[in-house]
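Enquirer: Let me give you the structure first, and then I'll get to my questions.
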Amino acid sequence: MLRLELAVDANPLVSALLDGQALKLLFSPLFLFFTTERTTWEVKRYIPVISERLGIAEIEIFNTFDSFPIMAYQSNLYSPALSRATNAIGHRDSKDIDILALAYHLRIPLWTHDLDLIEIEDIQTVTTQDLLTIIATNE
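This is how it looks when you write it as structure tokens:
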């Protein structure tokens, strides 16, 4: 079975930790996910907040995140695309440069809900709802 490869921004990962619909998507056999180490650091910064909100120990949230089937890339692996990403998004949100560079480098769509990224014309973006529709049509 051919799997759709996607770069994943921080917001779907945080949503998955909050037990949102993104959690179902992460474990779907229809998709293969990639992110950046920087994105994983960004998500990990939210673990204390998620822990407090859900009333679950931080270590349990961390272990859940660690179990997500996502390959995280170091910046040196997508560095050829960093200048292109900086030109596209750097003036709006420098935290988005790395994930955009990864999507450019791998030439794959980006799963995000970040309007700054969605508005970039030369990258295909998908939302959680888009991916849920793909699952529904393949059941």
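Sequential numbering of the sequence shown, starting at 3, is according to the working numbering. Ideal Cβ placement from N, Cα and C applies to all residues, glycine included. None of these values were measured; they are calculated from a predicted model.
#1: Buried or exposed: Ala138, going by 16 or more other Cβ atoms within 10 Å of its Cβ?
#2: At what residues does the beta strand (DSSP E) containing Thr37 begin and finish?
#3: For the region 36-52 against the region 61-69, do three or more pairs of beta-carbon atoms, one drawn from each stretch, fall closer than 8 Å, so that the two count as touching?
#4: According to the Cβ coordinates, are Ala24 and Pro14 closer than 8 Å?
#5: Where do the ends of the beta strand (DSSP E) carrying Pro7 lie?
#6: Return the residue from the list Lys26, Asp95, Leu19, Ala18 that minimises the CA-CA distance to Asp118.
#7: Return the residue from the list Glu7, Leu20, Ala105 that minimises the CA-CA distance to Leu34.
Expert: The answer reads as follows:
#1: Stepping through the sequence shown from its first residue, residue 138 is reached at position 136. When all chains shown are included, Ala138 counts as exposed.
#2: As a working note, residue 37 is residue 35 in the sequence shown. Note, Thr37: beta strand (DSSP E), 33-38.
#3: The count of Cβ pairs closer than 8 Å, one atom from the region 36-52 and one from the region 61-69, reaches three, so the stretches are in contact.
#4: Locating residue 24 in the sequence shown gives position 22, where the first residue counts as 1. Locating residue 14 in the sequence shown gives position 12, where the first residue counts as 1. Against a cut-off of 8 Å, the Cβ pair of Pro14 and Ala24 comes out as a contact.
#5: As a working mapping, residue 7 is identified with position 5 in the sequence shown. As written in the sequence, residue 7 is Glu, which differs from the Pro given in the question. Looking at the DSSP string, the run of the beta strand (DSSP E) that includes Glu7 is 6-10.
#6: One-based indexing of the sequence shown puts residue 118 at position 116. Checked all of Lys26, Asp95, Leu19, Ala18; the closest Cα to Asp118 is Asp95.
#7: Within the sequence shown, residue 34 is the residue found at index 32, counting from 1. The shortest Cα separation from Leu34 among Glu7, Leu20, Ala105 belongs to Glu7.
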